[in-house]
Amino acid sequence: MQHVPEPWRVKVVEPIHLPDRDTRRRRLEAAGYNVFALPAADVYIDLLTDSGTSAMSDNQWAGLMLGDESYAGARNFFSFRDTVQEITGLPFIIPTHQGRVAENLLFSTLIKPGMKVPSNNHFDTTRANIEVNGGEAVDLVIPEGRDPESEHPFKGNIDLDALDAFLAASGRQQVPVAMLTVTNNSGGGQPVSLENIRAMGEICHRHGVPFFLDACRFAENAWFIKQREPGQGHRSVRDIAADMFAAADGCTMSAKKDGLANIGGFIALRDQGLFDALRNMLIVIEGFPTYGGLAGRDLEAVARGLKEVLDERYLEFRVGQVQALWERLDAAGVPMIRPAGGHAVYLDARRFLPHLDQEVFPAQALTVALYLEGGIRGVEIGGVMFGTTDPETGQAVWPQMELVRLAIPRRVYTNSHLRYVAEVVEQLHRDASSIRGLNMVYQAPVLRHFTARFELL
Ligand SMILES: *Cc1c(COP(=O)(O)O)cnc(C)c1O
């Protein structure tokens, strides 16, 4: 395939700076070997997350100047609403300031204690918003989606037989809504096929259960469908996205992903009764229905970002950039989840650092090494994030995988930056045996990965 260059040119630059090795060592020590505690100014290439880190276009920045900060009925609300309606085909639109507020509104309205919500894999904020309302979040991704080696083209698919059986056993009284995350963030950014989305819609409707997409990366998912699904290659991403939403009763969205914005989100849905209930709650916790926790200018940036994200030249570069990083590392023998996801590559720290036991946090050790070696910040998804202690036995319980996610912000880094990242990872891979494990010396009772502190062994 021909090399695909960045489909944009640079108009404003933000200097980035690599502190010298000794400074990096001291910063790590001060941060307790937790990269969440590093000042971002001391990070050279920041791959902590693709959320809210996108670079906006000149068109979006121009839109900020057209912000109408009227309390009610700001013009930007109408361009926001019209854009979301046009892309999703869903009639009722509720703006929120993040995706998790959309989740909070939806689940606090629908869930009674003891209810269950299935998905392929729930994202952590989705799971948390279900659980704080007394519900149970159930993951039903296909078996290939749990296998880091499987090359299945749609590893984000939900297991349709398992879903059907689950809904038959639970009944619609117990399942107020079913979710599907596209692409499947917690499952490695893997896509869901259009066939799977449609079949899930049919199953849910047969059981009388509303079906919502967690649509954070709907455009990346639609691009994968165009590339990989038989019979979809000739269609536009816009038409494919429209078909994804046509199968659903609604969606929650974080515009910090495929909204190409730094803040924002929404719920879109078909049911007027539910819309009225959600809107009443919105006024209590977020804001008036025409701004929903956002400034008018933010609504404008999201409206414009949602149009730009469907540009197929953008998507070809975006998904291709992640893929190219993955392929280069794969060729160097670096162990990773296969295949590349839409927004990130996931290093497999257990195979990267076979000399480290799970008790000494291999994925955290690799995260620390990436910063020390190259000023690169990734995120641990392993024993620090998901390890727990069994309350009965006091024994540590470890997750199956030890991963380091390198999430690629949208339109921020060039291929040259990612070549640097690849060189650093390859260097570490060659010297892997010198990477030391960590001992956790502080942990918070919940979500410990954000504030945990470590010492080097
Ligand atoms: C980021 C994300 C959310 C939450 O959105 P925020 O804007 O961070 O609150 C929900 N679901 C998925 C799949 C996400 O990636």
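729 is the number of the first residue of the sequence shown in this note's numbering; add one for each residue after it. No residue lacks a Cβ here, since even glycine has one placed at the ideal position from N, Cα and C.
Can you pull the DSSP bridge partners for residue 908?
Looking up residue 908 in the sequence shown gives position 180. Answer is 941, bridged to residue 908.
Could you tell me which uninterrupted beta strand (DSSP E) segments, each at least 3 residues in length, are contained entirely in the region 771-856, listed from first to last along the chain?
If you keep only unbroken beta strand (DSSP E) runs of at least 3 residues inside the region 771-856, you get 820-824, 844-847.
I think residue 1025 touches residue 795, with their Cβ atoms under 8 Å apart; what is that distance to the nearest whole Å?
Sequence index remark: in the sequence shown, residue 1025 carries index 297 (1-based). Sequence index remark: in the sequence shown, residue 795 carries index 67 (1-based). With a Cβ gap of about 3 Å, residue 1025 and residue 795 count as contacting.
Can residue 785 be considered in contact with ligand 1, in the sense that its beta carbon sits closer than 7 Å to one or more heavy atoms?
On the sequence shown, position 57 is the one that residue 785 refers to. Not under cutoff, so the answer is no.
Any residue with its C-beta under 6 Å from a non-hydrogen atom of ligand 1 counts. Can you list them all in chain order?
779, 826, 827, 828, 851, 853, 854, 909, 913, 942, 944, 982, 984, 985, 993
Output needed for residue 855: all residues of its chain with C-beta closer than 7 Å, excluding positions within five of it in sequence on either side, in chain order.
Counting from one through the sequence shown, the residue named residue 855 turns up at place 127. So the qualifying residues of the chain are 865.
Could you check if residue 867 is buried or exposed, using at least 16 other CB atoms within 10 Å of its CB as the buried criterion?
Indexing the sequence shown from 1 puts residue 867 at position 139. So residue 867 counts as buried.
What are the boundary residues of the alpha helix (DSSP H) that includes residue 1050?
As a first step, residue 1050 must be located in the sequence shown, where it is residue number 322. Looking at the DSSP string, the run of the alpha helix (DSSP H) that includes residue 1050 is 1040-1059.
Is residue 1148 helix, strand or coil when you go by DSSP?
The count along the sequence shown starts at 1 and reaches residue 1148 at position 420. Helix.
Extract the residue ranges of the beta strand (DSSP E) inside the region 1061-1136, only unbroken runs of 3 or more that lie entirely within it.
1072-1076, 1107-1109, 1131-1135
Checking the sheet assignment: what are the DSSP bridge partners for residue 955?
Locating residue 955 in the sequence shown gives position 227, counting from the first residue. Answer is none; residue 955 lacks a bridge partner.
Residue 969 and residue 940 - do their beta-carbons sit closer together than 8 Å?
Working through the sequence shown from its first residue, we reach residue 940 at position 212. Working through the sequence shown from its first residue, we reach residue 969 at position 241. No, these two residues do not count as a Cβ contact at 8 Å.
Can residue 981 and residue 973 be called in contact, C-beta distance under 8 Å?
Within the sequence shown, the letter at position 253 stands for residue 981. Within the sequence shown, the letter at position 245 stands for residue 973. No, the pair does not count as a contact, with Cβ atoms beyond the cut-off.
From the DSSP output, which residues share a beta bridge with residue 978?
Numbered from 1 along the sequence shown, position 250 holds the residue referred to as residue 978. Answer is 940, 997.
At which residues does the beta strand (DSSP E) containing residue 1182 begin and terminate?
Mapped onto the sequence shown, residue 1182 falls at position 454. Where residue 1182 is concerned, the enclosing beta strand (DSSP E) stretches over 1181-1184.
If I follow the unbroken alpha helix (DSSP H) through residue 989, where does it start and stop?
Within the sequence shown, the letter at position 261 stands for residue 989. No alpha helix (DSSP H) contains residue 989, which DSSP labels as neither H nor E.
Using DSSP's beta-bridge definition, name the partner residues of residue 865.
Start at 1 with the first residue of the sequence shown, and residue 865 comes out as number 137. Residue pairing for residue 865: DSSP places it in a beta bridge opposite 845.
Residue 741 by DSSP, collapsed to three states: which one?
Within the sequence shown, the letter at position 13 stands for residue 741. Coil at residue 741, not helix or strand.
Which partner residues does residue 925 have in the DSSP bridge list?
The residue you call residue 925 lines up with position 197 of the sequence shown. Its beta-bridge partners do not exist; DSSP assigns none.
Hey, out of 927, 936, 904, 947, whose CA is closest to residue 919's CA?
Here residue 919 refers to the residue found at position 191 of the sequence shown. The shortest Cα separation from residue 919 among 927, 936, 904, 947 belongs to 947.
I'd like to check one pair, residue 1148 with residue 773: are the Cβ atoms closer than 8 Å?
Sequence index remark: in the sequence shown, residue 773 carries index 45 (1-based). Sequence index remark: in the sequence shown, residue 1148 carries index 420 (1-based). Cβ atoms of residue 773 and residue 1148: closer than 8 Å.
Can you tell me which of the three DSSP states residue 918 falls into?
As a working mapping, residue 918 is identified with position 190 in the sequence shown. Strand, per DSSP.
Reducing DSSP to helix, strand and coil, say where residue 913 ends up.
In the sequence shown, the residue the question calls residue 913 occupies position 185. In this structure, residue 913 counts as helix in the three-state DSSP scheme.
Residues in the same chain with beta-carbon distance under 7 Å from residue 965, minus the five sequence neighbours each way, listed in chain order, please.
Position 237 of the sequence shown holds residue 965. Closer than 7 Å at Cβ, skipping near neighbours: 947, 950, 951, 954, 1038, 1040, 1043.
If we call anything under 8 Å between Cβ atoms a contact, is residue 1180 one with residue 762?
For the purposes of this step, residue 1180 is taken as the residue at position 452 of the sequence shown. For the purposes of this step, residue 762 is taken as the residue at position 34 of the sequence shown. Result yes, Cβ atoms of residue 1180 and residue 762 sit closer than 8 Å.
Bridge partners of residue 891, per DSSP?
As a working mapping, residue 891 is identified with position 163 in the sequence shown. According to DSSP, which records beta bridges pairwise, residue 891 is partnered with nothing at all.
Per DSSP, what are the beta-bridge partners of residue 761 in this structure?
Against the sequence shown, residue 761 aligns to sequence position 33. DSSP lists no partner for residue 761.
Express the C-alpha separation of residue 1114 and residue 1046 in angstroms, rounding to a whole number.
As a working note, residue 1046 is residue 318 in the sequence shown. As a working note, residue 1114 is residue 386 in the sequence shown. In a straight line, the C-alpha of residue 1046 is about 29 Å away from that of residue 1114.
Considering only C-alpha positions, which residue in the set 910, 833, 732, 1184 is nearest to residue 1012?
For this step, residue 1012 is matched to residue 284 along the sequence shown. Looking at the Cα atoms, 833 is the closest of the given residues.
Can you name, in chain order, every residue of its own chain whose Cβ lies under 7 Å from the Cβ of residue 926, other than the five neighbours on each side?
Reading the sequence shown from its first residue, position 198 is the one you call residue 926. These residues qualify, in order along the chain: 975.
Measure the alpha-carbon distance for residue 802 versus residue 1056 and round it to whole angstroms.
In the sequence shown, counting from the first residue as 1, residue 802 sits at position 74. In the sequence shown, counting from the first residue as 1, residue 1056 sits at position 328. Roughly 48 Å between the two C-alpha positions.
Note down the Cα distance separating residue 871 from residue 997, rounded to an integer number of angstroms.
Looking up residue 871 in the sequence shown gives position 143. Looking up residue 997 in the sequence shown gives position 269. Each residue's alpha carbon lies about 30 Å from the other.
Once you ignore the five residues that flank residue 1063 on each side, which residues in its own chain have a CB closer than 6 Å to its CB?
Position 335 of the sequence shown, counting from 1, holds the residue named residue 1063. Excluding residues within five positions, the ones whose Cβ falls inside 6 Å are 1076, 1079, 1080.
Quick check on this structure: which residue in 738, 732, 760 has the alpha carbon closest to the alpha carbon of residue 1184?
For the purposes of this step, residue 1184 is taken as the residue at position 456 of the sequence shown. Cα-wise, what sits closest to residue 1184 is 760.
Assign residue 1002 to one of three DSSP states: helix, strand, or coil.
Position 274 of the sequence shown, counted from the start, is the residue given in the question as residue 1002. Note: residue 1002 maps to helix in three-state DSSP.
Beta-carbon within less than 6 Å of residue 916's beta-carbon, same chain only, minus the 5 sequence neighbours each way: which residues are those?
Position 188 of the sequence shown, counting from 1, holds the residue named residue 916. Hits under 6 Å: 1065, 1069, 1074.
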